[in-house]
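Colleague: Shown below is the structure under consideration.
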Amino acid sequence: MFPLKGFYHFGIVASDFDKTIDELSENLGLEWASVTEFEMVCEQPNGIVTADMKVVYSTTGPPHFEIIRVAPGTVWGEADLGVHHLGYWTENLQEDHQRLTEAGYVWEGTYYNPDTEGPYGFTYHTLSDTRLRLELVDIARKPAFDNWMAGG
Numbered sequence: 042m043f044p045l046k047g048f049y050h051f052g053i054v055a056s057d058f059d060k061t062i063d064e065l066s067e068n069l070g071l072e073w074a075s076v077t078e079f080e081m082v083c084e085q086p087n088g089i090v091t092a093d094m095k096v097v098y099s100t101t102g103p104p105h106f107e108i109i110r111v112a113p114g115t116v117w118g119e120a121d122l123g124v125h126h127l128g129y130w131t132e133n134l135q136e137d138h139q140r141l142t143e144a145g146y147v148w149e150g151t152y153y154n155p156d157t158e159g160p161y162g163f164t165y166h167t168l169s170d171t172r173l174r175l176e177l178v179d180i181a182r183k184p185a186f187d188n189w190m191a192g193g
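So the sequence shown is numbered by this note's numbering: it starts at 42 and just counts up by one.
Here's what the structure looks like:
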């Protein structure tokens, strides 16, 4: 149903952020962009939540590896389970969000933006049985991502 184009990263949620980076560096030869830490306000089915985020992407790729420090009470609340999600760029976040929802994916979260209806920036959806989780990321965010990968 969902076209497998625009894939650009594997997301991993880790309880030991630094150990995860070290293990992937040693075993896969990955190199990393600068680590970023920030507070993110998200909308989830259980309401509005705030997460203290720590995130890094491999500069090796695509596909890239994204490491996220576990953030209890959020979509990033379970750690050390292998691949947490597959990340895809999308040219129409609203439309693709609707398509996944109609196809049976369970919506799990997005940036909170009180000025918009529906997903904003990114959205997570998961299949009920396999727990396959997809992150759709608005293609408008790609220039900032490319700048980060280039050291900015």
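Where is the CB? At the ideal position from N, CA and C, for every residue including glycine.
Only a predicted model underlies this, so the values are computations on that prediction, with no experimental measurement involved.
Going by DSSP, what residues sit across from GLU85 in a beta bridge?
Modeller: Looking at the sequence provided, one finds Gln at residue 85 rather than Glu. In the DSSP output, where bridge partners are listed per residue, GLN85 has GLY88.
Colleague: Restricting to Cα atoms, I'd like to know which of SER169, GLU136 and ARG172 is closest to PRO160.
Modeller: Closest option to PRO160, Cα to Cα, is GLU136.
Colleague: Contact defined as beta carbons within less than 8 Å: I believe THR131 pairs with VAL178. What is the distance between those atoms, to the nearest angstrom?
Modeller: The pair is a contact, with the Cβ atoms about 7 Å apart (cut-off 8 Å).
Colleague: DSSP state of ASP93, grouped into three classes?
Modeller: The answer is strand: DSSP assigns ASP93 an E or B state.
Colleague: Quickly, what does DSSP pair GLY52 with across the bridge? List them, please.
Modeller: DSSP output for GLY52 lists GLU107 and HIS126 as bridge partner(s).
Colleague: When burial is assigned at 16 or more other CB atoms within 10 Å of the CB, is SER75 buried or exposed?
Modeller: With fewer than 16 other Cβ atoms within 10 Å, it is exposed.
Colleague: Spell out the partners DSSP gives HIS166 in its beta bridges.
Modeller: TRP148 and LEU175.
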